[in-house]
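In order, the protein sequence lines correspond to chains R and L. Take the first sequence: its position 99, counting from 1, is numbered 98 in numbering that gives the first Met the number 0, and each next residue is one higher. Take the second sequence: its position 56, counting from 1, is numbered 55 in numbering that gives the first Met the number 0, and each next residue is one higher. Below: the structure, in structure tokens.
2 protein chains.
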Amino acid sequence: MYERKIKEDLDCGIVVAMKVFGAKWKPCIIDAISRGIKRPSELHREITSTSARVIDMQLSELVDYGIVSKKIFPGFPLCVEYSLTEVGETIVPILMQLNQWGLKNKDLVKNKDNQPLHVELPAEARFIQPRNCLANN
Amino acid sequence: MYERKIKEDLDCGIVVAMKVFGAKWKPCIIDAISRGIKRPSELHREITSTSARVIDMQLSELVDYGIVSKKIFPGFPLCVEYSLTEVGETIVPILMQLNQWGLKNKDLVKNKDNQPLHVELPAEARFIQPRNCLANN
DNA sequence: TCCTATACCGAAAAATTATTCAGTATGGAA
DNA sequence: TTCCATACTGAATAATTTTTCGGTATAGGA
Numbered sequence: 000m001y002e003r004k005i006k007e008d009l010d011c012g013i014v015v016a017m018k019v020f021g022a023k024w025k026p027c028i029i030d031a032i033s034r035g036i037k038r039p040s041e042l043h044r045e046i047t048s049t050s051a052r053v054i055d056m057q058l059s060e061l062v063d064y065g066i067v068s069k070k071i072f073p074g075f076p077l078c079v080e081y082s083l084t085e086v087g088e089t090i091v092p093i094l095m096q097l098n099q100w101g102l103k104n105k106d107l108v109k110n111k112d113n114q115p116l117h118v119e120l121p122a123e124a125r126f127i128q129p130r131n132c133l134a135n136n
Numbered sequence: 000m001y002e003r004k005i006k007e008d009l010d011c012g013i014v015v016a017m018k019v020f021g022a023k024w025k026p027c028i029i030d031a032i033s034r035g036i037k038r039p040s041e042l043h044r045e046i047t048s049t050s051a052r053v054i055d056m057q058l059s060e061l062v063d064y065g066i067v068s069k070k071i072f073p074g075f076p077l078c079v080e081y082s083l084t085e086v087g088e089t090i091v092p093i094l095m096q097l098n099q100w101g102l103k104n105k106d107l108v109k110n111k112d113n114q115p116l117h118v119e120l121p122a123e124a125r126f127i128q129p130r131n132c133l134a135n136n
């Protein structure tokens with residue numbers, strides 16, 4: 000298992016939130032489970048852009064975090080079901096909101112030239128002194 | 000400049016949102032600017048856990064995305080001010096929400112042993128057949 | 001001329017995250 | 001006995017992000 004060299008500040012809300020929201024496949028997995036896709040094999044079929052191994056790893060981290068719970072049915076063939084915990088459910092609306100934000104603003108990120116040239120002020124601005132500029136406005 | 004080998008789907012809202020929310024220092028920079036810290040040198044003083052170079056890089060990406068706008072005052076010494084654009088302002092409440100979520104749930108992520116053992120069902124469950132288990136429940 | 005403060009950038013290195021590959025294990029069916 | 005489907009794992013590699021280091025440029029002051 001990988002041991003970090005730069006420790007992260009788990010008292011910062013954003014750092015904590017990003018352990019869940021900011022991983023490449025976790026939002027995708029959480030969304031699928033929230034839509035009722037429960038078994039690993041189903042998840043693998045649903046999420047085709049990455050490998051089963053990747054899904055399994057992210058999934059097990061979500062289980063460790065208590066965001067997803069795992070039930071094993073010891074019949075045959077082996078059957079496992081994942082579902083969102085109570086805390087896991089609280090992620091879904093935030094995820095939807097992030098998704099909405101992204102959809103609404105995707106052109107910004109796509110274009111990447113939204114402020115192509117720096118805004119230069121007219122000549123008079125040259126007399127603005129740095130301390131002024133720092134103090135107010 | 001780094002050229003990705005695996006292209007990202009910028010039509011997915013989450014992928015787009017994570018370009019902004021999911022970078023290590025962007026939330027921190029956006030928060031500082033929203034609190035009125037405008038000049039690069041101020042930002043460097045405010046955010047001491049990383050180097051000026053890192054802040055500058057993330058900042059310039061936020062400018063490229065049109066989330067932060069940059070004004071140059073050509074006096075002396077050189078004076079630059081950053082501020083949130085209209086779109087940039089829409090990020091702040093979502094950031095606050097993510098932060099709240101993280102603060103509320105940080106123990107989950109810290110502990111990482113929230114479901115230490117798999118839940119095994121009692122013996123009767125052995126008769127649940129896989130197709131049933133897939134079909135409903 | 002050299003020093004200051006401001007703001008910025010290129011490129012290598014380090015750290016982290018994601019991916020691939022090759023396995024393990026269970027229990028029934030052929 | 002060998003095969004299947006299910007669920008899962010270790011370890012190497014690749015991809016990406018973050019960090020560090022050293023540099024540029026402007027314009028005034030000593």
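Glycine included, each C-beta is placed from N, C-alpha and C at the ideal position.
Residue i: first and last residue of the uninterrupted beta strand (DSSP E) it sits in
i        : result
Lys70(L) : 67 to 72
First and last residue of the uninterrupted alpha helix (DSSP H) at residue i
i        : result
Glu45(R) : 39 to 45
Ser59(L) : 51 to 63
Gly88(R) : Residue identity check: residue 88(R) is Glu in the sequence provided, not Gly. Per DSSP, Glu88(R) belongs to the alpha helix (DSSP H) from 85 to 88.
Ile36(R) : Where Ile36(R) is concerned, there is no enclosing alpha helix (DSSP H), given that its DSSP letter is neither H nor E.
Ala22(R) : Where Ala22(R) is concerned, there is no enclosing alpha helix (DSSP H), given that its DSSP letter is neither H nor E.
Contacts around residue i, its chain only, beta-carbon distance under 8 Å, and the 5 residues preceding and following it disregarded
i         : result
Asp30(R)  : Val91, Leu94
Trp24(R)  : Ile46, Thr49, Val53, Ile54, Gln57
Tyr64(R)  : Lys18, Val19
Thr84(L)  : Gly65, Ile66, Val67, Ser68
Asn113(L) : Leu107
Proximity test, Cβ basis, 8 Å: residue i and chain L
i         : result
Ile46(R)  : no
Thr89(R)  : yes
Ile28(R)  : no
Val118(R) : With a pLDDT of 48 at Val118(R), under the threshold of 50, the modelled position of this residue cannot be trusted; read the value that follows with caution. By this cut-off, Val118(R) is an interface position.
Ile32(R)  : no
Ile36(R)  : no
Lys4(R)   : no
Val86(R)  : yes
Ile54(R)  : no
Ala134(R) : With a pLDDT of 15 at Ala134(R), under the threshold of 50, the modelled position of this residue cannot be trusted, and the question is left open.
Leu58(R)  : no
Leu9(R)   : yes
is_contact[residue i, chain R] using C-beta, thresh 8 Å
i        : result
Met17(L) : yes
Phe64(L) : The displayed chain sequence assigns Tyr, not Phe, to residue 64(L). Tyr64(L) counts as touching chain R.
Same chain only: Cβ atoms within 6 Å of residue i, ignoring 5 sequence neighbours per side
i        : result
Gly87(L) : Ile66, Val67
Ala51(R) : His43
Spatial neighbours of residue i in its chain, beta-carbon cut-off 7 Å, leaving aside the 5 residues before and after
i         : result
Ile137(L) : In the structure displayed, chain L extends from 0 to 136; residue 137(L) sits before or after that span and is not available.
Ala22(R)  : Gln57
Any non-hydrogen atom of the ligand ZN within 7 Å of residue i CB
i        : result
Ile90(L) : With respect to small molecules bound, the structure shown includes none, and the ligand ZN cannot be examined in it.
Practice problem: Could you name the residues of the stretch 96 to 109 of chain R whose beta carbon sits closer than 7 Å to any beta carbon of chain L, in the order they occur along the chain? | Solution: Under the 7 Å Cβ criterion, the stretch 96 to 109 of chain R contributes Gln96, Leu97, Asn98, Gln99, Trp100, Gly101, Leu102, Asn104, Lys105, Leu107, Val108, Lys109.
Exercise. Inspect the CB distances between the stretch 94 to 108 of chain R and the stretch 2 to 18 of chain L and report whether three or more fall short of 8 Å.
Key: Short answer: they touch.
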